[in-house]
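Position in the sequence shown (from 1) plus 438 gives the number in the working numbering.
In what follows, a single structure is set out as structure tokens and then discussed.
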Amino acid sequence: MSVEPIRWRDDALELLDQRRLPREAVYVTCRSASEVAAAIRDMVVRGAPAIGVAAAFGMALAVRRGDSLDAAANELRSARPTAINLAWAVDRMLRARGNLAEAQAMFREDVEGNHRIGRFGAELLGRSATVLTHCNAGALATAGYGTALGVIRSAVEQGKEIAVFADETRPYLQGARLTAWELQQDGIDVTLITDSMAGHFFQQRKFDAVFVGADRIAANGDTANKIGTYTLAVLANAHQIPFYVAAPISTVDLATPNGAAIPIEERSAREVTEIGGTRIAPEGVAVRHPAFDVTPARLITAIVTDRGVLRAPYEQSLRRSASGDTDR
Ligand code: MRU
């Protein structure tokens, strides 16, 4: 896999600018924690594990510049509110006093964990399967390999015949811009659909499984992910198709009891009223833009983590898997 969303070069953090994909692959260089926080806010880097790892390098940059680690931690932690990986990574770097080696370890652990998620998840797919995915939970959303797309990659590596349907993922179009591009790079069979087409294809029994990522998994298994995920879970349930969440254990937040307690980021109205910088809605119209929704645990067939495949009751399976982890 050649996509490198995050890299450390010449004492600086380089982030593949995901706002410009798939048109061009260019990097943004960050030399301070503030620059990393801005890159996270502005979606240069996005996806829960990726923003966690980027923030870890941001903490290392703060130490190298002699900036306040606490100030850097506050700025990075507040860059985006929903993905728990961000706060998790910042807290781990605070304990490591901003040591660069810790950020590098987190990078490696994320890639290794994704390969484990991939292997566990691939076992849930038959020799030949069509998988629906939403947003981008791929290499671009992590340090590499991906979570939901890691499962696809792993299944393909095992010789399974996997076709992917990617939802375009309005309004930010991570599916159309990023997932379609990333899978094409690997030569994986991908078909792009608009979000509104999903129900039609469920009805036609097109999908064997749904695999999505997660931004935060509450203690009871309720899962926040990109807006539109809940709709797919309801559809999967109505059509009795398995609905899987793939995420590293660092996405589990045992301190958040349920989905109602997960903060949902509201993003700019312009991301709804404009497409590619062109206005499509009338001036002055009221707009809402929650960037994430919560899928209740009862709609989730299994949660595929780097520590194994977890099933309901999630209170127990999540607690058992996440405990022994000193970070929570
Ligand atoms: O707003 P984004 O693009 O950061 O949202 C990303 C998602 O919702 C992903 O599905 C999630 O972070 C998991 S990525 C492995």
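All C-beta atoms in this analysis are idealised placements derived from N, C-alpha and C, irrespective of residue type, glycine included.
Remember, predicted model here, so these are calculated numbers, not experimental data.
- Look at N574 here: in three-state DSSP terms it is coil, with no helix or strand label.
- Partner residues in a beta bridge of E753, as assigned by DSSP, do not exist.
- Within its own chain, the residues whose Cβ lies closer than 7 Å to the Cβ of V725, once the five positions on either side in sequence are excluded, are A707, V710 and T711, listed in chain order.
- Per DSSP, V710 is one residue of the alpha helix (DSSP H) stretching across R708 to T711.
- Per the C-alpha coordinates, the member of T669, L673 and D660 positioned closest to L756 is D660.
- For R554, the enclosing alpha helix (DSSP H) stretches over residues L538 to A560.
- In the structure shown, the three-state DSSP call for V589 is helix.
- Burial of I687 is indicated by the presence of at least 16 other C-beta atoms within 10 angstroms of its C-beta.
- Counting along the chain, N658 sits inside no beta strand (DSSP E), nor does DSSP assign it H or E at all.
- Of G485, R445, P460 and A486, the smallest CA-CA separation from V466 is found for R445.
- In the three-state scheme derived from DSSP, where H, G and I count as helix and E and B as strand, A534 is classed as coil.
- At least one heavy atom of ligand 1 lies less than 6 Å from the C-beta of R484.
- Counting C-beta atoms within 10 angstroms of its own C-beta, P728 has fewer than 16 neighbours from the protein chains shown and is therefore classed as exposed.
- A straight line joining the alpha-carbon of N537 with that of Q641 spans about 52 Å.
- Counted as a single uninterrupted DSSP element, the beta strand (DSSP E) harbouring R447 occupies residues I444 to R447.
- Check the Cα spacing between R461 and each of S634, L514, H638 and W619: the tightest is with W619.
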